[in-house]
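Undergrad: So the numbering used here is basically just the index in the sequence shown, starting at one, shifted up by 12. After the structure tokens below, expect a handful of questions from me.
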Amino acid sequence: MTVGIVVVSHSRALAEAAVALAGEMLQDGRGPIEIAAGLDDGGFGTDAIAISEAVARADQGDGVVVLMDMGSAVLSAELALEMVDDDVRERVVLTPAPLVEGLVLASVSAAGGASAAAVAAEAGDALEAKAVHLDPSPSSAPSSTPAPAPQPADTAPSGDDERGSFIVAMPHGLHARPAAQLVRALQGLDAEVRLRNVTLDGPEVSAASLSKVATLGALHGHEVAVRARGAGAAEALRRVLALAEDGFGEAGPPPATVDVEEQPAAHGPIPASPGIGIGPVRVARRAAVTVPDARPGTPDEQRGRLDEARTRARDQLQGVRGTAAREIGEAEAAIFDAQVLLLDDPDLLADTAVRLDGGADAARAWADALDEVERGSRPPRTSTCAPAPPTCATCGTGCCAPSAAPPPTTRSRTPRRTGSSSPTT
């Protein structure tokens with residue numbers, strides 16, 4: 013964790029409690045989080061000098077994100093920036109994120125190695141999960157920044173932002189594999205990148221989070237707006253538009269539209285193209301996913317179990333990916349990259365950590381957090397996408413569901429399952 017965090021509050025007790033809560037989300041403690049809260053006499057208030065000193069302590073060269081509670085805390089933080097060295101000031105981001113929820117997400121994101129801009133973006137989205145839970149309508153999800161108007165496909169700077177848009181060319185939309193390519197392409201850049209589905213008039217989401225990108229619901233032909241800010245904004249936009257122009261490596265003719273609600277209850281064949289095909293029939297059946305029984309333990313013990321399960325799942329997925337790459341090709345095997353990336357998704361880990369601190373069992377907390385992602389990323393009922401495969405409650409993927417149907421005997425474009433079992437916590 014190299015990006016420092018400073019908590020500015022009128023109350024020392026409030027700041028210490030918030031930092032203690034955030035520290036529970038991290039395996040190795042709280043990381044470089046500094047507090048500048050309250051007055052020397054123990055009263056309520058903020059001190060610009062104390063804030064500037066906290067910023068200096070938190071700065072390790074990769075930037076500092078400052079969270080403030082309200083009112084004069086913002087003014088004091090702005091004044092504090094005038095007191096630090098110029099090179100430090102350039103690396104500091106003041107975020108309007110809510111103090112407690114924002115600190116939790118910022119801590120998890122920083123621990124994952126995100127840039128200061130990315131940490132600030134994650135913190136700014138901190139209220140989204142709560143807003144969607146209380147009012148799941150698309151308009152209820154807040155965004156740390158206003159949604160941009162549709163922009164032409166070519167790059168067009170606007171103020172401090174770099175903006176552009178692209179049309180989704182992939183037959184199955186911006187699903188897990190291209191979404192993972194997008195998230196990986198932006199890692200390491202000092203830029204905050206936001207995406208919005210213009211066609212559905214949806215809210216902006218962070219491009220640094222695979223679980224957030226999945227909520228775009230971007231299908232074939234949809235327009236997606238891109239907005240980037242920061243020192244690496246131009247390069248970030250270039251990478252996104254280059255990936256889109258290449259169709260994320262899988263552009264092709266759009267598939268026939270299938271209304272999933274009108275399919276017969278029996279798992280009969282669905283015509284896919286004219287002509288007659290002869291060969292063995294393999295019927296894919298939805299596998300039942302069983303969440304392991306709850307095991308007693310403190311939140312720290314549950315967190316340890318979850319980390320162990322994620323490690324085992326990651327090892328299994330990488331083994332499956334290697335087999336798939338050898339047997340059916342690198343392009344098809346890349347689908348497992350998205351599943352590995354999801355294991356370290358900052359938003360998913362933050363949601364799970366909150367559930368663990370609320371007393372939930374590790375397996376149940378992870379399964380419920382994945383259910384939230386699935387509900388948020390579910391496409392319209394009439395779509396060009398096939399029904400989603402079952403999701404393993406422990407590793408978050410469909411590759412290790414225990415009762416999956418056997419692979420077809422003919423060559424398939426879908427990676428074959430290799431018999432890996434679901435890791436249990």
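Positions of the beta carbon are idealized from the N, C-alpha and C atoms, including for glycine.
Hey, how far is the Cα of residue 188 from the Cα of residue 312?
TA: 31 Å
Undergrad: Taking 8 Å as the threshold, find out whether the stretch 19-38 comes into contact with the stretch 67-75 through three or more Cβ pairs.
TA: no
Undergrad: Is the beta carbon of residue 236 less than 7 Å from the beta carbon of residue 230?
TA: Closer than 7 Å, so yes.
Undergrad: Assess, as a yes-or-no matter, whether the stretch 214-233 is touched by the stretch 188-202 under the definition of 3 or more beta carbon pairs within less than 8 Å.
TA: yes
Undergrad: Against chain B, does residue 352 count as a neighbour if the rule is that its beta carbon must be under 7 Å from one of theirs?
TA: In the structure shown, chain B does not exist; there is a single protein chain.
Undergrad: Determine, using beta-carbon pairs with one atom in the stretch 75-93 and one in the stretch 15-35, whether at least three such pairs fall under 8 Å.
TA: yes
Undergrad: Residues in its own chain within less than 8 Å of residue 112 by CB, not counting five upstream and five downstream?
TA: 30 and 33
Undergrad: Starting from the Cα of residue 120, find the closest Cα among 44, 54, 331 and 306 and give me that residue.
TA: Of 44, 54, 331 and 306, the residue nearest in Cα terms is 44.
Undergrad: Name the DSSP bridge partner or partners of residue 7?
TA: Residue 7 is absent from the structure shown; the chain starts at 13 and stops at 437.
Undergrad: Got a sec, what are the start and stop residues for the alpha helix (DSSP H) residue 58 sits in?
TA: Segment: none, residue 58 is in no alpha helix (DSSP H) and carries neither H nor E.
Undergrad: In three-state DSSP terms, what is residue 47?
TA: strand
Undergrad: How many angstroms separate the CA atom of residue 418 from the CA atom of residue 297?
TA: Interpretation of residue 418 is limited by its pLDDT of 37, a score under 50 that renders its predicted location unreliable; no figure is taken from the coordinates.
Undergrad: Which residues does DSSP list as the beta-bridge partners of residue 179?
TA: As computed with DSSP, residue 179 is found in a beta bridge with 235.
Undergrad: Start and end of the alpha helix (DSSP H) containing residue 439?
TA: In the structure as shown, the chain starts at 13 and stops at 437, and residue 439 therefore has no counterpart that could be examined.
Undergrad: Are residue 203 and residue 240 touching if we call contact CB-CB under 7 Å?
TA: For the pair residue 203 and residue 240, the CB atoms are nearer than the 7 Å cut-off.
Undergrad: For residue 184 and residue 376, I'd like the C-alpha separation in whole angstroms.
TA: 30 Å
Undergrad: Can you grab the Cα-Cα spacing for the pair residue 135 / residue 118, in whole Å?
TA: 5 Å
Undergrad: What does the Cβ neighbour count give for residue 256, buried or exposed, with the cut at 16 atoms within 10 Å?
TA: For residue 256, the number of other beta carbons within 10 angstroms of its own is at least 16, and it is reported as buried.
Undergrad: Would you list the residues sitting across from residue 240 in a DSSP beta bridge?
TA: 174 and 205
Undergrad: Report the residue from 46, 193, 132 and 101 whose alpha carbon sits nearest the alpha carbon of residue 349.
TA: 193
Undergrad: Less than 7 Å between the C-beta atoms of residue 116 and residue 381, yes or no?
TA: No, Cβ-Cβ distance for residue 116 and residue 381 is not below 7 Å.
Undergrad: Which residues mark the beginning and the end of the beta strand (DSSP E) in which residue 105 is found?
TA: 104-107
Undergrad: Provide the residue span of the alpha helix (DSSP H) that contains residue 359, from first to last.
TA: 358-369
Undergrad: Helix, strand or coil: how does DSSP classify residue 217 here?
TA: strand
Undergrad: Report the rounded CA-to-CA distance for residue 60 versus residue 179, giving the unit in angstroms.
TA: 47 Å
Undergrad: Measure the C-alpha to C-alpha separation of residue 326 and residue 360 and round it to an integer number of angstroms.
TA: 15 Å
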